[in-house]
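Engineer: If you count by this note's numbering, then the sequence shown holds residues 20 to 230, one letter each, in order. We put the CB at the ideal spot given by N, CA and C, even for glycine. Just dropping this structure here.
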Amino acid sequence: MFQRWFAKPPGTFNHSFADGLQVQVAPVTPAHAPRFEAGYQRLSEQSRRMRFFGQVSNLSSRQLEFLTRPDGRLHIAYAALDVGAPQEPGIGVGRCIRLDRDSRIAEVALTILDDYQGRGVGLLLHATLHRAAYAVGLQQFLYDVAAENERFIRHLLALGARQVSRDRDVVRLMLPVLGRGDAVSARTAPALRLRRLLDAVAAAEPARPLS
Numbered sequence: 020m021f022q023r024w025f026a027k028p029p030g031t032f033n034h035s036f037a038d039g040l041q042v043q044v045a046p047v048t049p050a051h052a053p054r055f056e057a058g059y060q061r062l063s064e065q066s067r068r069m070r071f072f073g074q075v076s077n078l079s080s081r082q083l084e085f086l087t088r089p090d091g092r093l094h095i096a097y098a099a100l101d102v103g104a105p106q107e108p109g110i111g112v113g114r115c116i117r118l119d120r121d122s123r124i125a126e127v128a129l130t131i132l133d134d135y136q137g138r139g140v141g142l143l144l145h146a147t148l149h150r151a152a153y154a155v156g157l158q159q160f161l162y163d164v165a166a167e168n169e170r171f172i173r174h175l176l177a178l179g180a181r182q183v184s185r186d187r188d189v190v191r192l193m194l195p196v197l198g199r200g201d202a203v204s205a206r207t208a209p210a211l212r213l214r215r216l217l218d219a220v221a222a223a224e225p226a227r228p229l230s
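Here is the structure:
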């Protein structure tokens, strides 16, 4: 129990994937705003619909301010950047937001640019969120997923999530916050990859931020 409160949320670190992709994961700051604007324009209509439940053409200034000013406790957010292409907008973002100030439950959202999907970066961001959430006392993650996004729903179930509700448009799932690799109880391939990434995030050395 005491480990939870003395654990530190992840800082900026680099991670290499087997296919050669080198990624930097960093806490989101206002300096990332131009990357957010450029990256949003690169999302396909389908990705926007699945992530934002709509086809908004641009992020408003209010949305941009909200997305790039997480406080680290009520709102946690990490960006993934391509170390080999630092001039590009980035790869994706993972964030979680508490349901209210005292809640131990946070809603999770993951967005990966289409060109990078399927390469493991979403799971790396997911592992980072688990470590950060554990450090600030969160206990459960909640996911509202577009019903048409069957691939991600299956992925969450494979990680050990449970479905709590479903309607025509949205499936709601919950998953305990996993602070350490040995907390992962599922033995599916995605769960075992998450376990390894949780350990990798915990052991990662600090890196100099790209931005």
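Contact between the stretch 73-93 and the stretch 40-50: three or more CB pairs below 8 Å?
Structural biologist: Flag = yes, the stretch 73-93 and the stretch 40-50 touch.
Engineer: Taking C-alpha atoms, which residue in Ala37, Ser204, Arg170, Gly198 lies nearest to Val190?
Structural biologist: Arg170
Engineer: Within the continuous alpha helix (DSSP H) that includes Leu197, where are the two ends?
Structural biologist: Counting along the chain, Leu197 falls outside any alpha helix (DSSP H), and DSSP gives it neither H nor E.
Engineer: Please go through the same chain and pick out, in chain order, the residues whose beta-carbon is closer than 7 Å to the beta-carbon of His174, but skip the five residues on each side of it.
Structural biologist: Pro209
Engineer: Please state the DSSP three-state secondary structure of Asp218.
Structural biologist: helix
Engineer: Give the straight-line distance between the Cα atoms of Ser35 and Gly156, rounded to the nearest whole angstrom.
Structural biologist: 29 Å
Engineer: Would you kindly work out how many angstroms separate the C-alpha atoms of Tyr97 and Leu217, rounded to a whole number?
Structural biologist: 15 Å
Engineer: Specify, as a first and last residue, the run of the beta strand (DSSP E) that Thr130 falls within.
Structural biologist: 124-131
Engineer: Measuring straight from C-alpha to C-alpha, what distance separates Ser204 and Arg181?
Structural biologist: So the alpha carbons of these two residues sit roughly 13 Å apart.
Engineer: For Pro46, report the span of its beta strand (DSSP E) as first-last.
Structural biologist: 41-46
Engineer: Under DSSP, the alpha helix (DSSP H) around Ala177 begins and ends at which residues?
Structural biologist: 169-178
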